[in-house]
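Per full-length UniProt numbering, the sequence shown starts with residue 1, numbered consecutively.
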Amino acid sequence: MQTLQTTVLAILRWGWFALLVLVSFAYLVSGISDPDDSGTAKSNLVARSTRLAQIPGFTDTLNQLNQLRQSELDALGIETAPTADWMTVCRRMSLALVGCGLSLEEIRELESVSESDREHVHLQNLFNDHRFHHYWAQRLERQFVGADEGPFLKFRRRRFREWLTEVIAQNWSYDRLVRSLITAEGLWTDKPEVNFLTATFGSNNDQPDPVRLAARTSRVFLGLRIDCLQCHDDFLGNVSFVDEEDHSRSGEQADFHQLAAFFTAAKNRGLQGVRNRDVNYEFQYLDTDSTVSVPATVP
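In structure tokens:
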């Protein structure tokens with residue numbers, strides 16, 4: 001009886017280890033069985049490269065811009081710098097799009113292409129490179145949600161970054177990306193774009209913060225810093241808008257809060273995630289005695 005107990009204990013003690021080894025071996029075998037076709041894929045990228053000159057109207061527009069630029073330089077008496085060689089142009093494109101220079105393999109591959117096509121081929125290769133997708137996902141992530149940690153559990157930075165990587169790889173248009181972020185609904189784990197909203201939960205009792213979202217939206221997507229309008233009208237001439245008659249006007253405090261009112265429709269519904277509800281925003285403007293209901297209006 002004692003021998004049987006010893007045998008059972010030994011099996012229980014080492015059985016888990018044998019199972020772990022078996023699972024690890026199966027994982028390795030499944031990875032080894034996948035053929036590595038990176039070389040073929042890379043050569044196909046060159047074959048599928050699309051020249052910008054083939055886009056309708058591109059050449060005419062480019063020539064007009066070059067003529068306008070040259071006329072301005074001639075009027076100022078400035079000589080243009082010599083045209084950079086293909087190696088310099090390709091290196092700068094790599095630094096901008098993937099954050100590193102050309103590899104020896106890339107140089108050799110480009111040397112096998114006609115010199116007039118090398119820049120176009122390299123640009124297309126970079127757009128199809130997973131390094132470009134990840135590099136720009138990280139850059140856009142910091143731009144969209146900042147570098148703060150965000151509220152615990154309700155802000156999933158990694159899920160948001162992975163979603164941006166997929167979006168870039170699928171070549172979404174920028175307006176589609178922005179629309180998905182601003183109108184996102186659902187749970188932050190299931191719908192990664194919702195993390196654009198949940199990143200502000202920490203400053204508004206687990207609800208999207210309309211003030212922070214208005215400031216971030218104008219700064220990131222419109223290129224305007226209108227944060228000062230949160231407290232008062234613009235009296236320094238730093239913020240300007242265009243009215244219905246295309247006349248320029250100074251920014252007002254109402255412009256900021258009417259934009260913020262849009263985001264009050266986004267409500268955290270617990271396990272349902274963020275859902276759209278009716279706009280409900282009230283604010284007491286400077287030099288007024290009471291709060292008023294603020295409509296959601298574009299400045």
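For glycine and all other residues, C-beta sits at the position ideal for the given N, C-alpha and C.
Given the structure is predicted, the values throughout are model-derived calculations rather than measurements.
A distance below 7 angstroms between beta-carbons, with the five flanking residues on each side excluded, links Ala184 to the following residues of its chain, in chain order: Lys191, Glu193, Val194, Phe196, Leu197, Val274. Looking only at Leu164, Pro299, Glu245, Asn171, the smallest Cα-Cα distance to Leu222 is reached by Pro299. Assigned with DSSP and collapsed to three states, Phe283 falls in strand. Counting the other Cβ atoms within 10 Å of the Cβ of Gly150 gives 16 or more, which makes it buried.
Here Leu126 is near Phe132, since their CB atoms are less than 8 angstroms apart. Residue environment for Gly251: buried (at least 16 other C-beta atoms within 10 angstroms of its C-beta). Under the 10 Å beta carbon count, Ser218 is surrounded by 16 or more other beta carbons and is classified as buried.
Secondary-structure assignment with DSSP links Ser248 through a beta bridge to Val242. Contact between Asp233 and Ala215 fails: their C-beta atoms lie close to 16 angstroms from each other, not under 8 angstroms. The DSSP assignment places 58 to 76, 86 to 97, 104 to 111, 118 to 127 as complete runs of the alpha helix (DSSP H) inside the segment 49 to 130, in order along the chain (cut-off: 4 residues). Apart from the 5 residues on each side of it in sequence, His257 sits with its Cβ closer than 6 angstroms to the Cβ of Phe283, Val294 in its chain, given in chain order. Each residue's CA atom was taken as its position, placing Arg92 and Cys231 some 43 angstroms apart. Looking at the DSSP output, Val274 sits in a beta bridge with Gly186, Asn268. Within the same chain, Cβ atoms closer than 7 angstroms to the Cβ of Thr264 are found at Pro210, Val279, Asn280, Tyr281, the five residues on either side in sequence being excluded. The beta-bridge partner set that DSSP reports for Val292 consists of Phe283. Between His122 and Leu104, the gap from beta carbon to beta carbon reaches 8 angstroms or more.
Excluding sequence positions up to five before and after Asp206, its CB lies within less than 6 angstroms of the CB of Asn268, all in the same chain and listed in chain order.
At a Cβ-Cβ threshold of 8 angstroms, Val145 and Ala199 count as neighbours. Arg176 and Ala266 have their C-alpha atoms some 19 angstroms from each other.
The beta carbon of Trp136 lies closer than 7 angstroms to those of Ile168 in the same chain, with the five residues before and after it left out. Nearest Cα to Pro208 within the set Ala261, Ser248, Gln253, Asp243: Ala261.
Of the candidates Arg249, His120, Thr288, Val239, His120 places its Cα closest to the Cα of Ile55.
Following the DSSP letters along the chain, one finds Asp255 inside the alpha helix (DSSP H) bounded by residues 253 to 261.
Pairing His247 with Ser240, the inter-Cα distance amounts to about 10 angstroms. By the 16-neighbour rule on beta-carbons within 10 angstroms, Gln253 is buried.
Going by C-alpha positions, Gln143 is about 14 angstroms away from Tyr174.
Residues Glu193 of the same chain have their beta carbon placed closer than 6 angstroms to that of Ser180, with the five preceding and five following residues left out of the count.
When Val220, Leu62, Gly186, Thr88 are compared, the shortest CA-CA separation from Arg277 is found for Gly186.
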